[in-house]
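In the UniProt record's numbering, the protein residues as written are 1 to 561. For each residue, glycine too, the CB sits at the ideal point set by N, CA and C. For clarity, every value in this text was computed on a predicted model and none was experimentally measured. Note sheet for the following structure.
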DNA sequence: GTAGGGTTAG
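Here it is in structure tokens:
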């Protein structure tokens, strides 16, 4: 009686916090007769929509203990909770629970498991499960299952196989729909194959599959990413003409692209259009606008958007602060930047690692390394753990401000903080050491890399070779160039240019010509700075014939390329 | 009337 009144369809949709759900659940289990399985399903489904996966699992366990009947839907929801929290193995134990209860797993069950496997990067197991489903006829695959497999392949970086799968699907009973086309189109765009994506759009239209807002948004983003903003805008107009309503995603993609291109005014007009069409700007929209203004150096305007964001109820998030703080630092407005940084905690937000990284980078850039050191200590007492990026910023900043010994001390502590050492951290210090001529320490640190099981990379060698060349130690630089190739790092354009410049400065023109020849042979060209050095020397040395020969070689090679 | 698929930033 009261039941039909209380549990109208979608009753759970009004619940938006987990405590209310738990209270309702406790009420439901005590009711006699019990609410229907569907009522429990809706409740559990709501918990999953709130991404409270562990709460869903614990409610399910309570249901089992309270002997509330469990359906295949409920089992699938629990399975999904495990899979969505990267616990696909527990998901498989739910599969066992199906059999134990005499309930048959269905297409949702297997789709969810495949999604879980893909999510944990267990690609071949996901593919194996799909094959098993087909060969053992465990269920009839439907379009959602195909969607999951195709998406999984795409996200695993195997767009080619996803396209093949799309073709196989086209020959079967279940035809590809807008979702699978969108998935593949998005993946092609992200791989930079935007032309292929466009022709897939034409193909789907040809086959009578109507693209939807997601299909168009993916392509618009793809076009923006390769700088074809005009084509993106005409696709936008085309979709509107086709009656496909752009949504927040679509607008945000275009607003972001316009802002990055410096067209903030156009972006603002688009936001007006967006509002007219009933789409409410969200944090993505505002952050794009704020960043656009910062890129233009228009900090007052950026701050205005930031304030509007606060008023509009969207509320600035960590990224908004990060963008604006960075903008202020770049304009040397240190007080404004630091004021915003302090404001974050006062506004009840917890500054995240990227805020700290932004602030540290800013402080070092303006030479405030004492404050930077304080912030670095402060973040640790606020239990924000430095990450890879923090250490790179710190090391770079310390070196730049002449605190190399402190940088050396810091790098020796990194591993104890649980952050893995990376060769690029050493590259920063090696660069710092070379720049102040401490070559002995450089050599020692380089030799210590192998003890730390780190392999020098091209940047490591280039840094040291640069340092050696600057000190005129060309023979040792050349030895390092040999060593790098022996260790599997191929010399690049930088390596050659540095050595050639070093040789030119020392007047070793015959050697320089050898390196230029080798370099041209490998398809690299001279930096403009090397070339102007060459021209200057040529004039200063009364048209030296060896230099003339080098210049001629470079001109020939640049004409060829 | 209940479960599983695709789109946005640093």
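With H, G and I counted as helix, E and B as strand and the rest as coil, what does DSSP make of residue i?
| i | result |
| --- | --- |
| residue 279 | coil |
| residue 2 | Residue confidence is low: residue 2 scores 41 on pLDDT, short of 50, so the model does not pin down where it sits. No coordinate-derived value is stated. |
| residue 27 | helix |
| residue 346 | helix |
| residue 209 | coil |
| residue 154 | helix |
| residue 44 | helix |
| residue 436 | coil |
| residue 352 | coil |
| residue 70 | coil |
| residue 501 | helix |
| residue 246 | coil |
| residue 296 | coil |
| residue 491 | coil |
| residue 58 | helix |
| residue 562 | Because residue 562 is not part of the residues shown, which for the chain are 1 to 561, the question remains open. |
| residue 18 | helix |
| residue 193 | coil |
| residue 419 | coil |
| residue 545 | helix |
| residue 314 | coil |
| residue 226 | coil |
Name the two residues that bound the continuous alpha helix (DSSP H) containing residue i.
| i | result |
| --- | --- |
| residue 171 | 159-171 |
| residue 114 | 107-119 |
| residue 465 | 458-470 |
| residue 322 | 318-330 |
| residue 93 | 88-101 |
| residue 562 | Since the first residue of the chain shown is 1 and the last is 561, residue 562 is not available in this structure. |
| residue 399 | 388-400 |
| residue 383 | Segment: none, residue 383 is in no alpha helix (DSSP H) and carries neither H nor E. |
| residue 531 | 528-540 |
| residue 12 | Counting along the chain, residue 12 falls outside any alpha helix (DSSP H), and DSSP gives it neither H nor E. |
| residue 412 | 404-413 |
| residue 174 | Run containing residue 174: none; DSSP gives neither H nor E here. |
| residue 124 | 123-135 |
| residue 480 | 474-486 |
| residue 514 | 509-521 |
Determine the direct distance from the alpha carbon of residue j to that of residue i, and round the result to whole angstroms.
| i | j | result |
| --- | --- | --- |
| residue 461 | residue 522 | 18 Å |
| residue 252 | residue 281 | 8 Å |
| residue 145 | residue 177 | 12 Å |
| residue 444 | residue 494 | 23 Å |
| residue 398 | residue 377 | 14 Å |
| residue 417 | residue 351 | 20 Å |
| residue 35 | residue 43 | 11 Å |
| residue 479 | residue 501 | 16 Å |
| residue 287 | residue 309 | 9 Å |
| residue 2 | residue 218 | Because the pLDDT at residue 2 is just 41, under 50, the model does not fix this residue reliably, and the value given afterwards should be weighed accordingly. So the two alpha carbons sit approximately 48 Å from each other. |
| residue 375 | residue 337 | 13 Å |
| residue 274 | residue 248 | 8 Å |
| residue 439 | residue 471 | 9 Å |
| residue 543 | residue 437 | 34 Å |
| residue 334 | residue 316 | 20 Å |
| residue 496 | residue 517 | 10 Å |
| residue 29 | residue 63 | 8 Å |
| residue 505 | residue 303 | 50 Å |
| residue 126 | residue 41 | 27 Å |
| residue 81 | residue 17 | 17 Å |
| residue 87 | residue 441 | 48 Å |
Count the other CB atoms, across all protein chains shown, that sit within 10 Å of the CB of residue i; report buried if there are 16 or more and exposed otherwise.
| i | result |
| --- | --- |
| residue 346 | exposed |
| residue 99 | exposed |
| residue 193 | buried |
| residue 5 | Any reading at residue 5 must be qualified, since the residue scores a pLDDT of 44, below 50, and its modelled position is unreliable; the value itself is stated next. Per the 10 Å Cβ criterion, exposed. |
| residue 555 | exposed |
| residue 195 | exposed |
| residue 207 | exposed |
| residue 291 | buried |
| residue 490 | exposed |
| residue 124 | exposed |
| residue 320 | buried |
| residue 69 | exposed |
| residue 369 | buried |
| residue 488 | exposed |
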